[in-house]
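Chemist:
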Amino acid sequence: MKSSKIISKLPYQEPFLYVKTIDEVSENFIKGSYTFKASSWFYKGHFKNNPITPGVILTECAAQIGLASFGFYLLSQKENINLEQVKLAMTSTNVEFLKPVLPGDKVLVEAEKVYFRFNKLKVSVKMFDLSGDLVLRGELAGVILP
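Numbering-wise (my numbering), the sequence shown opens with residue 339 and increments by one.
#1: In chain order, what residues of the same chain have a beta carbon less than 6 Å from the beta carbon of Asn432, not counting five sequence neighbours either side?
#2: Along the chain, where does the beta strand (DSSP E) containing Phe466 start, and where does it finish?
#3: Evaluate Gln402 with the Cβ neighbour count: other Cβ atoms within 10 Å of its Cβ, from every protein chain shown; 16 or more gives buried, anything less gives exposed.
#4: Rounded to the nearest angstrom, what separates Lys451 and Leu459 at their Cα positions?
#5: On a CA-only basis, which of Tyr453, Phe454, Leu446 is nearest Tyr356? Give me that one, please.
#6: Taking C-beta to C-beta, are Phe374 and Asp467 nearer than 7 Å?
#7: Whole angstroms are fine: how far does the CA of Lys347 sit from the CA of Leu472?
#8: Considering only the alpha carbon of each residue, which of Cys399, Phe380, Ile368, Lys340 lies closest to Tyr350?
#9: For Ile419, which of Leu483, Ser342, Ile345 has the nearest alpha-carbon?
#10: Go through the stretch 419-444 residue by residue and report every complete run of the beta strand (DSSP E) that reaches 3 residues or more, in order.
Here it is in structure tokens:
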């Protein structure tokens, strides 16, 4: 499955789509990116005169690449799965924020599969800035129902 097809199957759209590219994907790993637009709605109030990307938005970006996109890819490897019918739900997060992401910054998200069984995907996720500095790390889990 090509990256553009994975992104097109996601149940998100602007302004809540936080996946720009899927650069690499395999049975055990995914890597993608997103650039946070300086004009994004959440910068207007977070924080006044010193905007940074909210942690919940960083977590969402990591989940859209590391769980949703990865889950769609893994499901696409199975037979008789209609990706138009897939339902997603995040079930747990445990992330640590290590560095702020500013308006206009591009981030790279990497997720490694911990397990995918009984329609539950758990990943170890890392987010980096373009300098290679670690921005976020942790574990995410979600249910992916075909």
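All C-beta atoms, glycine included, are put in the ideal place defined by N, C-alpha and C.
Modeler: Let me lay it out:
#1: If we look at Asn432 and ignore the five residues flanking it on each side, its Cβ neighbours are Gly476, Glu477.
#2: Note, Phe466: beta strand (DSSP E), 458-467.
#3: The residue in question, Gln402, is buried, as its Cβ has 16 or more Cβ neighbours within 10 Å.
#4: Their backbone Cα atoms lie some 7 Å apart in a straight line.
#5: The shortest Cα separation from Tyr356 among Tyr453, Phe454, Leu446 belongs to Leu446.
#6: Judged by their CB atoms, Phe374 and Asp467 are not nearer to each other than the 7 Å cut-off.
#7: Cα to Cα, the separation comes out at about 28 Å.
#8: Comparing Cα-Cα distances from Tyr350 to each of Cys399, Phe380, Ile368, Lys340, the minimum goes to Cys399.
#9: Selected option, being the one with the closest Cα: Leu483.
#10: Complete beta strand (DSSP E) runs here, min 3: 425-435.
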